[in-house]
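**Q** Per this note's numbering, the very first residue in the sequence shown carries number 7; after that it's consecutive. Even for Gly, the Cβ is constructed at its ideal location relative to N, Cα and C. In this text, all values refer to a predicted model and were calculated from it rather than measured experimentally.
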Amino acid sequence: MSKKNKEKKDQPVTEESASEVEEIQEEAPAEETVEKEAPKEEPKESELEKAQKALAQEHDQYLRLAAEYDNFRKRSRKEKEALYTDVKAETAGKFLPVYDDLERALANETSDEAYKKGVELIMAEFRKIMTGLGVEEFGAVGEAFDPNAHNAVMHVENEELGENVIAQVFQKGFRIGDKVIRHAVVQVAN
């Protein structure tokens, strides 16, 4: 405390000193009153419902997007596999005339055994490669006729074979899986 304040403290309170005290109190900064914040109001039910609907809508959009992406992945994989099969089938189809020529060479009689053995080895290797690619032969005598896989160029009456049975094969057919590369050219018994 300062001297002046001590002197005033010791003196009796007068009207004049009381007014000085009031002036000092007025000049002194008032204590800050802490304003209590009003408690936050709970969101209205309609706002809560709107938020839940928005969340449900976003979740639904997310699920749809995930499903679309999954379908896209599956479709792309199937298209890629189908393209691969188509390319293999087209490539194998280009080699089928060579196969036919080798078959005709084997069917002809020759006196040169080394020549015949060489053609047989080439044909065996060719068949091995075609099998490795998944190409399989079809159209043998005695098989049931299938118009989706066989091309009937002749009909013959043969009671021994039965109806719609292949009697003779003019050209073998080839397929990869379910895809027919070349239809078998056959004669069918009625």
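#1: Tell me the start and end of each unbroken alpha helix (DSSP H) in the region 98 to 156 that is at least 4 residues and wholly inside, in chain order.
#2: Leaving out five residues on either side along the sequence, give the residues of the same chain with a beta carbon under 7 Å from the beta carbon of T116.
#3: Flag this pair as yes or no: are the beta carbons of Q155 and A98 separated by less than 9 Å?
#4: Would you kindly work out how many angstroms separate the C-alpha atoms of L112 and E74, rounded to a whole number?
#5: So, I128 versus L108, is the Cβ gap smaller than 9 Å?
#6: Closer than 8 Å to a non-hydrogen atom of the ligand MG - does that hold for the CB of K80?
#7: Using 10 angstroms around the beta-carbon of F141, count the other beta-carbons present and answer buried if the total reaches 16, otherwise exposed.
#8: Can you grab the Cα-Cα spacing for the pair F78 / Y68, in whole Å?
**A** Judging by the given coordinates:
#1: 119 to 138
#2: Taking the sequence shown and counting its residues from 1, one reaches residue 116 at position 110. Contacts found: K122.
#3: Along the sequence shown, one-based indexing puts residue 155 at 149. Along the sequence shown, one-based indexing puts residue 98 at 92. In the sequence as presented, Gln is not what sits at residue 155; that position holds Ala. No, Cβ-Cβ distance for A155 and A98 is not below 9 Å.
#4: Mapped onto the sequence shown, residue 112 falls at position 106. Mapped onto the sequence shown, residue 74 falls at position 68. Each residue's alpha carbon lies about 55 Å from the other.
#5: Along the sequence shown, one-based indexing puts residue 128 at 122. Along the sequence shown, one-based indexing puts residue 108 at 102. A contact, by the Cβ cut-off of 9 Å.
#6: The ligand content of the structure shown is nil, which means the ligand MG is not present either.
#7: By one-based count along the sequence shown, residue 141 stands at place 135. In the sequence on display, residue 141 carries Val and not Phe. Counting Cβ neighbours within 10 Å, V141 comes out buried, since at least 16 surround it.
#8: In the sequence shown, residue 78 corresponds to position 72, counting from 1. In the sequence shown, residue 68 corresponds to position 62, counting from 1. Taking the straight line from one Cα to the other gives about 15 Å.
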